[in-house]
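Report on one structure; see the data block that follows.
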Amino acid sequence: MKAEAAQLSIYNSLTGTKETFIPLNEGFVGFYVCGPTVYSNVHLGNCRTFISFDLVYRYLNHLGYKVRYVRNITDVGHLVDDADQGEDKIAKKARLEQLEPMEIVQQYTIDFHDVMNQFNAIAPDIEPTATGHIIEQIELIKAILDNGFAYESNGSIYFDVEKYNESHPYGELSGRKIEDLLTNTRELDGQNEKRAPLDFALWKNASDEHLMKWPSPWGIGFPGWHLECSAMSTKYLGKQFDIHGGGMDLKFPHHECEIAQGTAGCGIAPVRHWMHTNMLTLNGKKMSKSTGNSLLPAELFSGENDLLEKAYDPMVVRFFMMQAHYRSTLDFTSEALNASEKGYAKLIEAMDSLMSLTSSDSSSADVEGLVAKFYEAMNDDFNAPILVSHLFDAVKFINSTKDGKATISAADLSLLQTEMKVFVRDILGLAKSSESGESRLDPVMDLILDLRQEARANKDWSTSDKIRDGLAGAGIVVKDSKEGTSWN
RNA sequence: GGUUCCGUGGCCGAGCGGCUAGGCAGUGGUCUGCAAAACCAUCUACAGCGGUUCGAAUCCGCUCGGAACCUCCA
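What follows is the structure in structure tokens.
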């Protein structure tokens, strides 16, 4: 474990305060994140949440924790319509496209993984699916029934919220009171199976034409949406675990229901630290597939969309997200993205410069102090934007040293090289995505730049500029400096 | 309607009572054959109105504007 691990504080949505992070079992962290429902392509807003938690995972790992990271794939149980009404999202898509539900699941799971790879997000240690844990879900329902917090109705099982509320506060995570919820709940049709409008389904009775269904002690049916996370987190992380993450839009009712299910079924509150990421907005509004206010990663990477004029590198987008705190909304505009693109290029170039910097007898800046600030920023509830600002302080120092206007000692150089790599590559996850297989291009460029250098030596500016402009047209930027000419 | 949150300079975003983050853009320099980059300097802020305080972007109240959740959504 790193000494800095003792200083980590995390904002807990449950208490509304930053708390020093002390894991349940020393040295180990149980970490659960609500994953996507795979009935369509993930959009950029979804990605932001997963990238935010990727940062959390990476930092916990860096601190030396042995993290078990579980992120589910929801492949059944999500209903299209009002609460516990309507059709399963995946089944609907399957019906529309005349495919097996599992074909839909497979297609969009692959897409999800592909996108997360492009964003350089580390895969979770376990990625369980709801359909793979039907038995565990049934067992959990039995426990909740045995403890008297659920009832059967027409082959469906509902969670008895009012009963639960008698002994445990329902709504503590989202700051709701059950009386307010009752007054503000709309009257919905077809809720006659439920005793009370706040009750939610643990198991739903399935009709004959239903595509996805399983046998249970209560007949043929399928699990309710909220249940899978409870069943799977309990199975892989235990009745109580350290961190549960998800988007803010899942706070109510999903996470509230998880708390109730876990407490009712296992007798203990399931989660110690709740973390919620804020929304990525577009035109000032939350990105959302249902309203069409969204952007797909593929559209962004290819530039084929109506919002932006050009394509963007996944790493630029990731960097853009790292410049905002995960608990703040982040507005997505082409202007903001362009700014990030330039800033990112500056950072990466400085990283390259750092690796070939020469040291002096002493440092003209407090490198150790700067590195300490990197940790301070991350320890303060994963404050990536503050970290980035300190990284740019380092960038300025690196460039000044390169220009001969500042100095760095050998020890400090080694420290800065190590820590910059750690924070930029390992923690922020900003891999150099352009280091693709351009090995065949290298000798060609060497030759071209050689010819250009000859022209420059002869003061044949028209030839040298012709080469530079021509390469620029091909997307290759040539830069002359004292050390020679570079390109990218 | 209920609950919660937000409103920072041209743009994006930090900030959690005093020490005026950072990136991008702008302006003026240095450097350079030119360009780019880099470096130095510099200009635009805390929605409005009150209050608390020696001191407020930061705390309190009101007004205006926006968002999220209350129904599927990361």
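Just so we're aligned, residue 0 is where the first sequence starts under numbering that gives the first Met the number 0, counting upward by one. Where a beta carbon is used, it is the ideal one built from N, C-alpha and C, also for glycine.
Consult DSSP for residue i and reduce its assignment to one of helix, strand or coil.
i              : result
arginine 67    : strand
valine 270     : strand
glutamate 434  : Annotation note: pLDDT 49 at glutamate 434 (below 50); position unreliable, coordinate value reported separately. Of the three classes helix, strand and coil, the one that applies to glutamate 434 here is coil, per DSSP.
aspartate 81   : Low local confidence applies: a pLDDT of 46 at aspartate 81 is under 50, so the model's placement there is unreliable, with the coordinate-based value given in what follows. Reduced to three states, the DSSP call for aspartate 81 is coil.
aspartate 74   : coil
glutamate 3    : helix
lysine 309     : coil
histidine 42   : coil
threonine 48   : helix
glycine 34     : coil
aspartate 53   : helix
glycine 131    : helix
asparagine 60  : helix
serine 362     : coil
glycine 342    : helix
leucine 427    : coil
arginine 326   : coil
asparagine 119 : coil
methionine 314 : helix
asparagine 337 : helix
leucine 353    : helix
glutamate 102  : helix
glycine 472    : helix
leucine 23     : coil
glutamine 97   : coil
lysine 141     : helix
glutamine 449  : In the sequence under discussion, the amino acid at residue 449 is aspartate, which differs from the glutamine named in the question. Of the three classes helix, strand and coil, the one that applies to aspartate 449 here is helix, per DSSP.
lysine 465     : helix
arginine 439   : coil
glutamate 348  : helix
methionine 211 : coil
lysine 420     : helix
glutamate 298  : helix
In terms of DSSP beta bridges, what is residue i paired with?
i                 : result
serine 489        : Because the chain spans 0 through 487 in this model, residue 489 falls outside it and cannot be assessed.
lysine 17         : Tyr10
leucine 151       : Per the sequence shown, residue 151 should be read as glutamate rather than leucine. Answer is Ile156.
leucine 281       : Lys284 and Phe331
tryptophan 217    : DSSP, once it has assigned bridges, lists no residue as partnering tryptophan 217.
histidine 275     : Gly245
proline 222       : Trp202
phenylalanine 111 : None, per the DSSP bridge assignment.
valine 520        : Because the chain is modelled from 0 through 487, residue 520 falls outside the range shown and cannot be assessed.
alanine 408       : It should be pointed out that residue 408 corresponds to serine in this sequence rather than to alanine. Bridge partners of serine 408: Ser359.
asparagine 292    : Ser287
isoleucine 125    : Val69
Measuring only the C-alpha atoms, how far is residue i from residue j?
i              : j                 : result
glutamate 434  : phenylalanine 381 : Only weak support exists for where glutamate 434 lies, its pLDDT of 49 falling under 50; the value from the coordinates is given anyway. Computed Cα separation, rounded: 28 Å.
leucine 415    : glycine 342       : 20 Å
glycine 244    : methionine 274    : 5 Å
asparagine 457 : arginine 467      : 16 Å
glycine 220    : alanine 230       : 17 Å
valine 114     : serine 39         : 13 Å
tryptophan 460 : alanine 454       : 7 Å
asparagine 116 : threonine 108     : 12 Å
methionine 278 : serine 358        : 44 Å
serine 363     : isoleucine 385    : 23 Å
lysine 17      : aspartate 124     : 27 Å
tyrosine 235   : leucine 429       : 30 Å
aspartate 74   : asparagine 183    : 31 Å
methionine 0   : leucine 62        : 6 Å
glutamate 192  : tryptophan 217    : 14 Å
lysine 481     : aspartate 402     : 10 Å
glycine 474    : serine 355        : 25 Å
threonine 462  : valine 66         : 58 Å
alanine 93     : proline 222       : 18 Å
isoleucine 143 : isoleucine 177    : 20 Å
aspartate 508  : serine 155        : Nothing about residue 508 can be read from this structure; the chain reaches only from 0 to 487.
glutamine 6    : proline 100       : 46 Å
alanine 297    : glutamate 418     : 32 Å
glutamine 239  : tyrosine 163      : 19 Å
Inset, instruction - Would you mind listing the alpha helix (DSSP H) stretches within the segment 155-209 that are 4+ residues and don't spill past its ends, in chain order? - result: With a minimum length of 4 residues, the unbroken runs of alpha helix (DSSP H) contained wholly in the segment 155-209 fall at 160-166 and 177-183.
Inset, instruction - Could you say if the segment 392-402 and the segment 343-363 meet the contact criterion of at least three C-beta pairs nearer than 8 Å? - result: Output reads yes: the segment 343-363 touches the segment 392-402.
Legend entry - Ordered list of alpha helix (DSSP H) runs contained in the segment 226-271, each at least 4 residues: Listed in chain order, the alpha helix (DSSP H) runs fully inside the segment 226-271 are 255-265, counting runs of at least 4 residues.
Legend entry - Validate contact between the segment 135-142 and the segment 204-223 using beta carbons, cut 8 Å, 3 pairs: These segments touch.
Inset, instruction - Can you check the segment 364-406 for any alpha helix (DSSP H) of at least 4 residues that lies completely inside it and give the ranges in chain order? - result: The qualifying runs are 366-378 and 383-401.
Inset, instruction - Decide yes or no for the touch test of the segment 196-205 against the segment 27-37: beta carbon pairs closer than 8 Å, at least 3 of them. - result: Flag = no, the segment 196-205 and the segment 27-37 do not touch.
Inset, instruction - Give a yes or no on contact between the segment 126-135 and the segment 242-256, applying the rule of three or more CB pairs nearer than 8 Å. - result: Here the segment 126-135 makes no contact with the segment 242-256; the two share fewer than three CB pairs at distances below 8 Å.
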